[in-house]
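Chemist: The listed protein sequences derive, respectively, from chains A and B. For the first sequence, our numbering gives the first residue as 1, with consecutive numbering after it. For the second sequence, our numbering gives the first residue as 593, with consecutive numbering after it. Glycine included, each C-beta is placed from N, C-alpha and C at the ideal position.
2 protein chains.
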Amino acid sequence: MYQVLNQIHSPADVKKLNLQALTTLASDIREALFNRLTKIGGHCGPNLGSVEAEIALHYVFNSPVDKFVFDVSHQSYTHKMLTGRKAGYIDDTRFGEDSGYTNPDESEHDFFNIGHTSTSISLATGLARARDLLHGKENIIAFIGDGSLSGGEALEGLDYAGSELGSNLIVIVNDNEMAIAENHGGIYKNLKELRDTNGKAEHNLFKAFGLDYVYEPNGNDIASLVRVFESVKDSSHPVVVHIHTQKGKGYTPAETDQETWHWHPPFDRATGKATVNWGGGESYEDLTSNYLVQKAKSDPKVLVISPAMPMALGLGPEKRQMIGPVQYTDCGIAEEQAIAMASGAAKRGAKPVVITNATFLQRTYDQMAQDTALNNSAIAVILNFSAFNTMTDVTHLGIYINSIYGNIPNVRVLAPTNKAEYMAMMEYAIDQNDHPTIVLVPGNGVVNDNRPADKDYAQVKFRVEEQGSKVAIMALGDFYQRGEALSRQVEKELGFKPTLVNPRFASDIDCETLERLKENHQLVVTLEDGIVQGGFGEKIAAFYGDSSMKVLVYGLEKKFYDRYNPEELLANLGMTTDAMTQKIATTLRVSQ
Amino acid sequence: MYQVLNQIHSPADVKKLNLQALTTLASDIREALFNRLTKIGGHCGPNLGSVEAEIALHYVFNSPVDKFVFDVSHQSYTHKMLTGRKAGYIDDTRFGEDSGYTNPDESEHDFFNIGHTSTSISLATGLARARDLLHGKENIIAFIGDGSLSGGEALEGLDYAGSELGSNLIVIVNDNEMAIAENHGGIYKNLKELRDTNGKAEHNLFKAFGLDYVYEPNGNDIASLVRVFESVKDSSHPVVVHIHTQKGKGYTPAETDQETWHWHPPFDRATGKATVNWGGGESYEDLTSNYLVQKAKSDPKVLVISPAMPMALGLGPEKRQMIGPVQYTDCGIAEEQAIAMASGAAKRGAKPVVITNATFLQRTYDQMAQDTALNNSAIAVILNFSAFNTMTDVTHLGIYINSIYGNIPNVRVLAPTNKAEYMAMMEYAIDQNDHPTIVLVPGNGVVNDNRPADKDYAQVKFRVEEQGSKVAIMALGDFYQRGEALSRQVEKELGFKPTLVNPRFASDIDCETLERLKENHQLVVTLEDGIVQGGFGEKIAAFYGDSSMKVLVYGLEKKFYDRYNPEELLANLGMTTDAMTQKIATTLRVSQ
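(1) For the segment 880–906 of chain B, which residues have a CB atom closer than 8 Å to at least one CB atom of chain A, in sequence order?
(2) Is the shortest distance between the beta-carbon of residue 205 of chain A and the beta-carbons of chain B less than 9 Å?
(3) Among A:218, A:415, A:392 and A:564, which residue has its Cα nearest to the Cα of residue 56 of chain A?
(4) Roughly how many angstroms separate the alpha carbons of residue 146 of chain A and residue 220 of chain A, rounded to a whole number?
(5) Roughly how many angstroms lie between the CA atoms of residue 1110 of chain B and residue 286 of chain A, to the nearest whole one?
(6) When you compare the segment 123–138 of chain A with the segment 149–166 of chain A, are there three or more beta-carbon pairs, one atom per stretch, that lie closer than 8 Å?
(7) With 16 other CB atoms within 10 Å as the buried threshold, where does residue 511 of chain A fall?
(8) What is the DSSP secondary structure of residue 548 of chain A, counted as helix, strand or coil?
(9) Would you tell me roughly how many angstroms separate the C-alpha atoms of residue 671 of chain B and residue 170 of chain A, rounded to the nearest one?
(10) Quick check on this structure: which residue in B:1034, B:962, B:899 and B:1041 has the alpha carbon closest to the alpha carbon of residue 72 of chain A?
(11) Shortest alpha-carbon distance to residue 178 of chain A belongs to which of A:231, A:245 and A:202?
(12) Taking three-plus beta-carbon pairs below 8 Å as touching, is the segment 1028–1041 of chain B in contact with the segment 971–983 of chain B?
(13) Shortest alpha-carbon distance to residue 1132 of chain B belongs to which of B:1101, B:1113, B:1147 and B:1140?
(14) How would you list, in chain order, the residues of chain A whose beta-carbon sits under 7 Å from the beta-carbon of residue 958 of chain B?
(15) What three-state label does DSSP hand residue 898 of chain B in the structure shown?
(16) Using a Cβ cut-off of 8 Å, pull out every chain B residue sitting near residue 91 of chain A, in sequence order please.
(17) If you scan the segment 330–380 of chain A from start to end, which runs of the beta strand (DSSP E) of 3 or more residues do you find wholly inside it?
(18) Please report the Cβ distance between residue 1053 of chain B and residue 1020 of chain B, rounded to the nearest whole angstrom; I am assuming they are in contact, meaning their Cβ atoms lie under 8 Å.
(19) Determine, for residue 777 of chain B, whether the minimum Cβ-Cβ distance to residues of chain A falls below 9 Å.
(20) Tell me where the alpha helix (DSSP H) around residue 79 of chain A begins and ends.
(21) Are residue 133 of chain A and residue 895 of chain B close, meaning C-beta to C-beta below 9 Å?
(22) Between which two residues does the beta strand (DSSP E) harbouring residue 463 of chain A extend?
(23) In the segment 1149–1166 of chain B, which residues sit with their C-beta less than 7 Å from some C-beta in chain A, listed in chain order?
(24) Alpha carbons only, please: which of B:632, B:966 and B:915 is nearest the one belonging to residue 939 of chain B?
(25) Output the boundary residues of the alpha helix (DSSP H) element that contains residue 1129 of chain B.
(26) Please list, in chain order, the residues of the segment 732–754 of chain B that have any C-beta partner in chain A closer than 9 Å.
(27) Strictly below 8 Å CB to CB, what residues from chain B border residue 70 of chain A?
(28) Under the assumption that residue 414 of chain A contacts residue 423 of chain A (Cβ atoms under 8 Å), give the Cβ distance between them as a whole number of angstroms.
(29) Does the separation of the CB atoms of residue 1155 of chain B and residue 951 of chain B fall below 9 Å?
(30) Since residue 686 of chain B and residue 680 of chain B should fall inside the 8 Å C-beta cutoff, what is the C-beta to C-beta distance between them, to a whole number of angstroms?
(31) Run through the DSSP bridge pairs and tell me what residue 830 of chain B is partnered with.
(32) Would you say residue 133 of chain A lies against chain B (beta-carbon separation less than 9 Å)?
(33) When you compare the CB of residue 729 of chain B with every CB in chain A, is at least one pair closer than 9 Å?
(34) So with CB distances below 7 Å, who are the chain A contacts of residue 1124 of chain B?
(35) If you reduce the DSSP assignment to three classes, tell me which class residue 600 of chain B lands in.
(36) Taking only the alpha-carbon atoms, compute the straight-line gap between residue 832 of chain B and residue 803 of chain B and give it to the nearest angstrom.
Printed below as a string of structure tokens:
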């Protein structure tokens, strides 16, 4: 087991190997990948497909003097194994040491924490410019998948490199013919032409950007890769090396169903079946995708748009087909395009609905502000994974959404507290003609309580779910259930029934309700599933600033949290029911 | 005067004209442009260059059924004159009716408020998708300058149109060989090749994206333009029409010095000299550009980066040359590239400093958060026009910056209150190795008071400029002088001397200072030059939420203000010195 990998402690050890040993190393690494992936899950397709390329990179180049920047960096497992971190793959007790993305805290061979797509070329041009300024001589290598190429930042990077750099930069385009789902965009027609002509097609996007270009069809063959990398090493100018690899290489299920196997939960290697059943029962992904299919069928004006993330809300190939190509469009990894196109479509009378992950919407501040909100285009955006307890990788946190989109004029952010409210808000967001409206998918499982939901969210109106006195608990979205628990505890411990408010709007305040609370309340407690800074609670605190109402603002801090335990984090922030009850008691005592 | 233009009340009138009359119309329109531009200033080069193209568009297409989307829309003056809005050009009493950008409130021929670059193709794809959905048949036309093409959103739009649309979309690339300054990026080498070969170059960026392509060299000749537009009208698929025009056409100074004449203040037509002397005396643009030249000379690690906006901080061609091409780089209109490249350069030991306008930095939320702040790359960003009283066009407001960048972990936003502090903060931001640091250029003229500035801003520390009691006035950045005035007035009217605090950090709070204020203050008043929501004051209000300290939060509202009178706006918000003094008196009375 791992006969060659066992000898690898740093890239220097890779350079000593002959071709046969390198080939054995590749199969060792695939075994190590299986060891980790079958047990804890992770990015399967991208890593299985790039084993040979990353071995060849370390064989040819001299890391960390020569510098690799992996786009998204979800495909960097092989690089990690070759740079002193194989324990995170072969030792089951040490999986936790590895973040799944490049991470400078782990190794001097990593230069950036990366998890969003399309950034590698731009970051690499920066390394290259500084190298030139400081009279360095090393190679700078960006390693980018075909899927990431459609992002505006990557295209800006290619454009810059194509004329402004004039020195060494090697952009390796790892073309496995897929984004997470199938690719969308004119670029991909061109990549296909280039593959079909062994790099000699009439049109060549990279050359049109002013870049030198080399094609290598055998992207899973170490000898070929070593040859092509040697040929561009120490290049005096930017060059694109287009390599053709097979996503999921070496594992039939992953080779066959590439969308499912892009990222996969723990699985049985023999059958390819998942060995855990996360969620189970009702899921918001199923609810959303089923709803969208039905909604599109019943209303021909509905236009579903996804920037390469249909599966973020359960919209697999079959459901996409049910919606059909007139009403469903994937613009590739191009969030700016998705939002601006939605705005245009709304102005022409369609009902656009954009679906993606919260963390990726960050890429569209300006498109949401200028293209959309300034024009008050009534688009709907459904965001998954905005909850603090769903994705905990520092690169994929959804906890900043309220502080971003809650402060753009005209934009409404709706935070539902149960299934009925989520479904009603989604329906409203799509049908309305009022405002750009973002609906956050709840992150704490499907809650089926008996609270009915309003249909209309045109007016900012908080909902008083339980009338009490003295203390008003405003529990936003996902934290509503924590608000309920806090309310019970306060009643039990402090002897009075507090008021429980479901704010529903994360972006705005309902001054009328806030004003009325002054009558028989001394304290307002806000709870929100996101950072406090720029968020919901601060708006409440400012509203009451000149009054005698006290305000306790609870939420996360403005920090880059990484792979945390959600409940521990809340405990550290004083957000257990007990701690908050105590704090309420203290605050009331002081103010009396 | 205006013999043909006088007959034009709508596009229908244009269609009736013969070629000779169309040509006369073009010179009428240039006269009308001169009438407005010489008297109130505006975008000269872009409008002078596109007169014939916009006449031909209205001659060939049928607006508003056929729909034009003008990129940036600063070149849409001719379109406006042809669609019922000529009074804004020929009648000096009615200049104010015209926003200088497309504006749906002005006319049914405008579909979007637009002022940022690179958005037209994406917006147009949305119009086109919705048209297809609703079985419409009209032409959708995006009109985009060559300078705007380098923006990621535009490239994402081309990529989408190149394969996913499959129906009518006409992208007119108005190639005048310039952004505001000279163009930068590989795209521009390709455009030159295409011009030099009459559209037949070996490489063609547009075809590589999968688009159909037509070249028209005579972009200022109406007959040629009509011919080429007729040839693509009702196209069944997306097509790029690349037209070559002359920026500043018809006015020698503007044809000769295109950078100076992109936008110009009022001028004497005979001499080309400005007839107003805005500013005069010391300016932050001169101070900044002189400083950057000197800093780059004295420190070879300094790398000045601008996304096509060097003149935002006075860095004209001569000063750019003094810094030299190793230490100065322009990445074209590509803000994402600018910030990500800066992050990369910082990681490799350079001292990157990005200069641009506040409103354009909005395009980089994700690059600042993920590429930069998450990696704590110590880049410097110098932002002009973040003040509420500098740019008042709704598309160019800088008042959102604190709510955006003040809520990203690790990012520091510094708001200086006088010249000494601005210069010290800029020096610190460039030399430090602590955090991504944004320095806001003051908007209220160069203040030379005697307050000295600290050199080090590594620790968040508010500065108590004047110690008093009862009321603490926290006057951020540009509003510091208003805080001073308020302090004097409070002392005079209310009979006690308040404490005056210069917070310096717009992004963070200094808990120690805030805590200490509790000892002998009852009220904190925050003043900020930006929207309150997500801004500085709300952080203060939340800090004091559970204490007996009252907080009054003053600033602008979360709104899209357009072409306002700054002092009137403040008066409407209750922000005159008198009104605030009264409010302070009331608040103190209630709390006693």
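Modeler: Reading it off the structure:
(1) 892, 893 and 895
(2) yes
(3) A:218
(4) 16 Å
(5) 52 Å
(6) yes
(7) exposed
(8) coil
(9) 45 Å
(10) B:962
(11) A:245
(12) yes
(13) B:1101
(14) 116, 362 and 363
(15) strand
(16) Simply none; closest approach about 28 Å.
(17) 351–357
(18) With 8 Å as the limit, residue 1053 of chain B and residue 1020 of chain B do not qualify as a contact, their Cβ atoms being about 13 Å apart.
(19) yes
(20) 77–80
(21) yes
(22) 463–466
(23) 1150, 1151 and 1152
(24) B:966
(25) 1128–1135
(26) 732, 741, 742, 743, 744, 745, 746, 747, 748, 749, 750, 751, 752, 753 and 754
(27) Those within 8 Å of residue 70 of chain A in chain B number zero; the least Cβ separation is about 13 Å.
(28) Actually they do not touch by this definition, with Cβ atoms about 12 Å apart.
(29) no
(30) 6 Å
(31) B:761
(32) yes
(33) no
(34) 542
(35) coil
(36) 7 Å
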